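Residue numbers (this note's numbering): 29 to 106. Each residue gets a CB set at the ideal place from its N, CA and C atoms; glycine is no exception. Because the structure is a prediction, the values reported are computed rather than measured.
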């Protein structure tokens, strides 16, 4: 499982999504804002080759093979 997170984090570091969100992956899980240094989210899970991410209160499923978002959900319970 840890290998999945480290591999997913490495792929996400190089992704267009990380560049667009202006985040860097720290410690294989946390997504930190490049400019402010504040934590904006984290990697929730890696399943079936896709990465589930929580960022700015939204859940996003990202496919590293195509470097695209395949699903994005609402803010949920706050």
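Subject >> Residue span of the beta strand (DSSP E) that contains residue 47, given as start and end >> reply: Not the beta strand (DSSP E): residue 47 falls in the alpha helix (DSSP H), residues 44-49.
**OP:** Please name the residue in 50, 98 and 83 whose C-alpha comes closest to that of residue 64.
**Re:** Distance from the Cα of residue 64 is smallest, within the candidate group 50, 98 and 83, for 50.
Subject >> Simplified DSSP assignment, three categories, for residue 56 >> reply: Three-state result, residue 56: coil.
Original post:
Whole-angstrom Cβ separation of residue 103 and residue 85, contact assumed at under 8 Å?
Top reply: Contact between residue 103 and residue 85 holds, since their C-beta atoms are separated by about 4 Å, short of 8 Å.
Original post:
Comparing alpha-carbon positions, which option in 93, 68 and 48 lies nearest residue 82?
Top reply: With distances taken between Cα atoms, residue 82 lies closest to 68.
Subject >> Alpha-carbon to alpha-carbon, residue 37 and residue 72 >> reply: C-alpha separation (whole angstroms): 11 Å.
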